[in-house]
Amino acid sequence: MASRAVMGKVPSKVTSCLISTSKTVARSPLFKANSQQPGSRSLSTSSLASSTRMFAQSQRHINLFPALSRRQYSQIQHSAQYGQPTWMTHPHLMKQGEITPGISSAEYEVRRTLLMECLPKNSIVISTSHRTRFMTNNIFYPFHQHTDFSYLCGFNEPDSALVLEKDDSPRGYKMTMFVAPKNANVEMWEGARTGLDAAKEVFGADEAVDANLFRYRIVDMTSRYENVYFDYPTPSVFMPIEIAKKLHNKPVINSVLSSVTRVFDSLTGKDNNSNLNHRNAKTSSFSFTGSSTFTSSPGSDAMNAPKGLSPLIQEQRVIKSEAEIKLMRQAGEISGKAFIETMKFTDPARLEHQVYAKFDFECRMRGSQMMAYVPVVAGGSNALTMHYVNNDQPLKDGDLLLMDAGGEYNGYASDITRTWPVNGKFTQAQKDLYEVVLNANKECIKLCTEEHGLSLNQIHDVSMRLTKEGLAKLGIKPLANDVDRRLYPHHVGHYLGMDVHDTGDISRSRVLKEGMVITIEPGLYIPRDSAYPEKYQGIGIRIEDNVVIGKTVPHVLSVTAPKEVVDIEYCCNN
1 MASRAVMGKV
11 PSKVTSCLIS
21 TSKTVARSPL
31 FKANSQQPGS
41 RSLSTSSLAS
51 STRMFAQSQR
61 HINLFPALSR
71 RQYSQIQHSA
81 QYGQPTWMTH
91 PHLMKQGEIT
101 PGISSAEYEV
111 RRTLLMECLP
121 KNSIVISTSH
131 RTRFMTNNIF
141 YPFHQHTDFS
151 YLCGFNEPDS
161 ALVLEKDDSP
171 RGYKMTMFVA
181 PKNANVEMWE
191 GARTGLDAAK
201 EVFGADEAVD
211 ANLFRYRIVD
221 MTSRYENVYF
231 DYPTPSVFMP
241 IEIAKKLHNK
251 PVINSVLSSV
261 TRVFDSLTGK
271 DNNSNLNHRN
281 AKTSSFSFTG
291 SSTFTSSPGS
301 DAMNAPKGLS
311 PLIQEQRVIK
321 SEAEIKLMRQ
331 AGEISGKAFI
341 ETMKFTDPAR
351 LEHQVYAKFD
361 FECRMRGSQM
371 MAYVPVVAGG
381 SNALTMHYVN
391 NDQPLKDGDL
401 LLMDAGGEYN
411 GYASDITRTW
421 PVNGKFTQAQ
431 KDLYEVVLNA
441 NKECIKLCTE
451 EHGLSLNQIH
461 DVSMRLTKEG
471 LAKLGIKPLA
481 NDVDRRLYPH
491 HVGHYLGMDV
501 HDTGDISRSR
511 VLKEGMVITI
521 EPGLYIPRDS
531 AYPEKYQGIG
541 IRIEDNVVIG
551 KTVPHVLSVT
561 APKEVVDIEY
571 CCNN
């Protein structure tokens, strides 16, 4: 999915700990267990001293399967109903010890441990889920979890919270989960809830509390800590009067509560207009700074101002573990095969939304749970709109079809773009422009290694140069500044992971490291302008691949989707 260039901030010294260790931790034996694909090339790297120390401590003191030691899974009723699949209820989807498909409880434990080890003493972390969103009375949209929250615990129910309190225990922190309790009447209508007991038994919480009590418990919990880290800097439009009284002269807690209690207002029906859109989180009255600190309104205690949690988690998320890469490889393969079937399906008798439906169907039939984003299915000159999602026009004989789409597989996104002829055969003009974009795509992918020492911004510069050279060979002379303004207005790529535009606070100026996953998506869009040859006007082309940064060799996750002219024409003509 094409994206604008947005520069992230270099993290504070707290996150420098995450930068130095997350890569090696992601490649640790704990992460690799049960995730090595037969015949695949290992992406592991040598251990760093800091991560070696962390794992030595974890093996001595931290039980990575806390639920097993406390209650033994054999004591859990396997007939019990949970709010999401577990390895006990869905053995066809999950292996023993996994919290979510493909990700073990050990990996979730290491994620939390790494985060807490890099925070100063006297710190508390508050991470909140998304809430239930309704499309009409009593009818809700399909739920999709907040990815930072999911990354830390894997819990997939709305209106929940995770609180981590740094302490001197062998585990290094206390884990409290605020979740909806079991309720037979509600579950009869809305489906099973995981409940308090399973939050401890399955997800490893030290304590599980009714989510309705969150607004009261959090006051006491935050009052004991100097350093408060939390998501959702958006202030609430509703502050219960009883909390306002308790928070008198407590600016830090006031800032925290004004943000996180909003999630749970839905449980009591007191907030019908809140919008906790993660992507809009920074458009609040808090100001985001390079030190990852959210500074509240004038008069608050600047020394104790709440600190942003998401930038810290993103430092971990930007380097993928072997288990994560395995899931993303599967997501890419599923989507790539769906592209093949969709190319076969395409002809001038179709509508754009039918092509969308075909791709969605093929992804789901291969195991994808949903689209990773709203696809772009743009026939002809509709492709000149970068994020064209109307998808409501008929396809025309002789046009190209640009489709930017990807399935989500067990919480991880694919993001692939292919462009092919509606009638199965490129015209010479279409082929000429296509080869310019294809060359830029392939040459940029070659640069996606740690050995090259480049950033996404530097690779973008290469793609821009190659595009200009390709246009010159075709005799096309762009107007001044027209290449980056109209002909190729988007960035060559972005980070990819649990979100399609993943880890948005990580700068594209950062040098790429082994284990990062990015997109490479050069494009070319010729407007209907007399300054350009008529045969090229109205043509929009983008070719996007998903790439794992390797040490010396890039690993393309979207290789299944055809992109050579001869392969595309073969698929289109079955």
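Under UniProt numbering, the residue at position 134 of the sequence shown is numbered 134, and the numbers go up by one with no gaps. Just so you know, even glycine gets a beta-carbon here, dropped at the ideal spot from N, CA and C. Note that the coordinates shown come from a computational prediction; the quantities given were computed from them, not determined experimentally.
Answer with buried or exposed for residue i, where buried requires no fewer than 16 other C-beta atoms within 10 angstroms of its C-beta.
i	result
S40	In this predicted model, S40 has a pLDDT of only 36, less than 50, meaning its place in the structure is not dependable; the value taken from the coordinates is given anyway. S40 comes out exposed.
Y82	buried
P101	buried
S530	exposed
N410	buried
D545	buried
D502	buried
F134	exposed
Q36	Because the pLDDT of Q36 is 39, which lies under 50, any placement of that residue in the model is unreliable, and the number read from its coordinates should be weighed accordingly. Q36 should be labelled exposed.
H494	buried
N185	exposed
M365	exposed
S169	exposed
L557	buried
W189	exposed
C572	buried
A323	buried
R350	buried
T552	exposed
R542	buried
R329	buried
N441	buried
S123	buried
For residue i, list the residues DSSP reports as bridge partners.
i	result
P394	L351
H555	V548
M371	G407
S455	V511
A161	T128, F178
D461	DSSP output for D461 lists no bridge partner at all.
Y173	K166
S104	E98
Y412	Y409
T449	G550
For residue i, which three-state DSSP category applies?
i	result
F140	strand
Y151	helix
H130	coil
A378	strand
V179	strand
S223	helix
E207	strand
T467	helix
S123	strand
T113	helix
M365	helix
Q356	Reading off the sequence, residue 356 comes out as Tyr, not Gln. The answer is helix: DSSP assigns Y356 an H, G or I state.
L400	strand
Y488	coil
Y388	coil
Y536	helix
Y495	strand
So residue i is in the beta strand (DSSP E); what residue range does that whole segment cover?
i	result
D231	Taken as a continuous stretch (DSSP letters only), D231 belongs to no beta strand (DSSP E), as it is neither H nor E.
I518	517-520
G540	540-542
W420	416-421
Terminal residues of the continuous alpha helix (DSSP H) containing residue i?
i	result
R570	The displayed chain sequence assigns Tyr, not Arg, to residue 570. Y570 -> alpha helix (DSSP H) spans 565-572.
E315	310-317
T342	322-345
G523	Unbroken run through G523 is the beta strand (DSSP E), 523-525; no alpha helix (DSSP H).
I445	428-446
G191	Segment: none, G191 is in no alpha helix (DSSP H) and carries neither H nor E.
I believe residue i touches residue j by the beta-carbon criterion, under 8 Å. Please report the beta-carbon distance rounded to the nearest angstrom.
i	j	result
T128	F140	Not confirmed; about 18 Å, so no contact.
residue 580	V377	The question about residue 580 has no answer, for the chain in this structure spans 1 to 574.
G523	L384	The Cβ separation is near 10 Å, so there is no contact.
L400	Q430	6 Å
I126	A161	7 Å
G172	T113	6 Å
S335	G407	5 Å
Flag residue i as yes if its beta-carbon sits less than 8 Å from any beta-carbon of chain D, otherwise no.
i	result
L456	Absent from the structure is chain D; it holds one protein chain and no more.
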